[in-house]
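Residue numbers (our numbering), protein chains in the order written: chain A, 2 to 444; chain B, 11 to 346.
Every residue gets a Cβ at the ideal spot worked out from N, C-alpha and C, and that includes glycine.
See the structure below:
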């Protein structure tokens, strides 16, 4: 009788505790916000190159600042959550991200690229804390049995935000920038005025995002919340030397972290330089180039559903190998077919990328048992690839050409393919129960 | 019992105000004085003129200006331009951007427009004398020629060549071609009649004419190693002839003027055309529409000459001559 009663309770338990519906909705906005900010930033590399008349390498520092902050703040964020709780973590993240967004205003007035990098760093630092806090916060907002469903629902708004971010860039920033040929005849004063006007276009969406974050901050800060599921305390000492040694000794995990590093690198490189490829190689306007980046994200989104279906048919490592080789072939095409076909190839890389983050995540963590929790941190920190490798691609573009720069994501994808081959060749049972993918701005 | 049901009207008010203030920056301004601009190009076979019309339309849309357009059927179609000038005056335009096919033949129509209070700005091609119109927005053709002349001289030195120059020119009496040629010779460090210039042929800037001319030049002077072309269609024609003749392109310096996308991708990017001096019809159109709108709305009348810019683009830069990368050329070229 008690069992029947328990099952009935479970069936009737709402996805989100009734009194937490509004905070849950607000957290969903947070999930969209960091997707929006991350992909809006992809647009900035090309925009700053034009506004400040910089090399590709200099403009790629935008991604270094953004993803570097994500990497550096991952552990402090966990400490904040552990010490002060998830609500505080969310509020600190929101607050810091909002400050970063508003820092675009003085940066715009100073006309200083370094200030923009600082603003982006602060924004991303806040979003890193927000992301680290919001995931477990969402899990704790309802019945334990529906935690994964709740998290998936919230995470599904991340790609929505990502697409909105690019859309904001394509609609609000790119069409309103001073045409490059127009600058060739401007006096110094006119150039300065054009720079100011262009930077105003850049800061507008960021100030908008910051304002929304302030709104969410206020709505969460002044609301009392009692979580039905007490979140597990994060014990940062649990991943001690023993765990690390075990993980390090596990080649599937170790190579998995390497593969994830290069996967995130390939993804960031591909999206960061799509607009530049469309402009430099095909000769499209900035505005039109923005729509090609939008197409990349939509293909990524649709492909992920297709890949989810295919993963039910094929062994994940086999599908990973096929898609990594497909992506590398697209990179090769984009390097040598210098027209619209090359651009289509750049966009199609996203189809290959779509399954990689969760698949590598699952393959690397499979069979780790209690070490999986600590191990997952290593995989999320592989986001460092997004900070470092775009600078390598930019440097290659500077010394060769924008098209040949795509050799860099091509090599990254070959590393991912090598990991898939390694997994296929080593004697290990295929991934069993899927590991929940709980974090990752690149997801 | 009220836990989890906080009420926060003031907080939403504060943040709402912030949002509104951000969005207010996007709101359109007030109604501006109506302006109508006319654009008369030479023809629309050449993507150069298509680009000029498209940018004029974009600029007009941005400035809330009405744009009327007309075009001739060729670079020498005077009758169509004369009719278009009179027609636009009839329609009450505030100003006309005119790329004159023959300024002397159009002098009467230009004068009638000015008598009716219509501003006339020459774009791309200056009138002779320039005072026939209020202002001229055009490429400094001599400067464009000089840029490729300096490049060719430096490249010849880099390759250690004994220069044997062929020039594929426009047509006698057309200022654009004469200025480019004079600029090239000056930049190269040569003078008219210089013995290094072994052949000069008029091509009308036509690809086929240039191919025929280049074939003849190679027959007469097989040692030619520097080729100046007045525009990119002529450069592509010369290139085809050089390739047909099996010439070693690594030992030949081919330079041109224009900045069209087709030549940029097919000629400059693969290094077949060593360098080109870009010109910007986009700037002529954009600045022209802006100038007339400014004259009507702010009373600032356009006068004099506006250099619409020229920059050297090369896939193989040489020391001592400033040039931009091919990627820049692809981004800012005209045509599709």
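Asked	Found
DSSP three-state assignment for residue 254(A), whether helix, strand or coil	helix
Secondary structure of residue 179(B), DSSP reduced to three states	strand
Separation of residue 158(A) from residue 213(A), as counted between CA atoms	16 Å
Cα-Cα separation between residue 223(A) and residue 140(A), rounded to whole angstroms	21 Å
Same chain only: Cβ atoms within 7 Å of residue 262(B), ignoring 5 sequence neighbours per side	235, 237 and 252
Residue 355(A) in three-state terms, based on DSSP	coil
Helix, strand or coil at residue 76(B) according to DSSP, with G and I counted as helix	strand
Test: residue 391(A) CB closer than 8 Å to a CB of chain B	no
Nearest-angstrom beta carbon gap, residue 241(B) and residue 215(B) [assumed within contact, 8 Å]	5 Å
Within-8 Å CB hit, residue 37(B) to chain A	Residue confidence for residue 37(B) is low, a pLDDT of 48 falling below 50, so the modelled location carries little weight; the figure read from the coordinates is stated next. No, no contact with chain A.
Minimum Cβ-Cβ distance from residue 59(A) to chain B less than 8 Å	no
N-terminal and C-terminal residue of the alpha helix (DSSP H) that residue 338(B) is part of	336-342
Closer than 7 Å: residue 260(B) CB and nearest the ligand NAD heavy atom	This structure lacks the ligand NAD; in fact it carries no ligand of any kind.
Proximal residues of chain A, C-beta to C-beta of residue 292(B) below 9 Å	180, 182 and 183
DSSP three-state assignment for residue 53(A), whether helix, strand or coil	coil
Beta carbon proximity, residue 321(B) to chain A, threshold 8 Å	yes
Residue 207(A) versus residue 103(A): straight-line alpha-carbon distance, rounded	7 Å
Nearest-angstrom Cα separation, counted from residue 338(B) out to residue 17(A)	53 Å
Contacting residues, own chain, Cβ-Cβ under 6 Å from residue 38(B) (five flanking each side not counted)	Summary for residue 38(B): the model assigns pLDDT 49, below 50, so the residue's position carries little reliability, and this model does not support an answer.
Residues bridged to residue 238(B) (per DSSP)	177(B) and 265(B)
Members of the region 395-417 of chain A near chain B, C-beta cut-off 8 Å	402 and 403
Proximal residues of chain B, C-beta to C-beta of residue 46(A) below 8 Å	Those within 8 Å of residue 46(A) in chain B number zero; the least Cβ separation is about 14 Å.
Beta-carbon neighbours of residue 384(A), restricted to chain B and to distances below 7 Å	What residue 384(A) touches in chain B: nothing, since even the nearest Cβ is about 29 Å away.
Endpoints, the alpha helix (DSSP H) within which residue 217(B) is located	217-230
Unbroken stretches of the beta strand (DSSP E), 3 residues or longer, contained in the region 294-325 of chain B	314-317 and 320-324
Separation of residue 303(A) from residue 329(A), as counted between CA atoms	20 Å
Element boundaries [beta strand (DSSP E), containing residue 128(B)]	From DSSP, residue 128(B) is part of no beta strand (DSSP E); its letter is neither H nor E.
Residue 184(B), enclosing alpha helix (DSSP H) - first and last residue	Per DSSP, residue 184(B) belongs to no alpha helix (DSSP H) and is neither H nor E.
Chain B contacts made by the region 90-123 of chain A, where a contact means CB separation under 7 Å	none
Minimum C-alpha distance to residue 271(A) - residue among 171(A), 37(A), 47(A) and 27(A)	47(A)
is_contact[residue 66(A), chain B] using C-beta, thresh 8 Å	no
Cβ-Cβ distance between residue 409(A) and residue 397(A) below 8 Å	yes
CB contact flag (residue 154(B), residue 289(B), <8 Å)	yes
Meets three-Cβ-pair contact criterion under 8 Å: the region 307-326 of chain A and the region 349-367 of chain A	yes
Three CB pairs or more closer than 8 Å across the region 303-310 of chain B and the region 40-54 of chain B	yes
Residues sharing a beta bridge with residue 107(B), DSSP	49(B) and 131(B)
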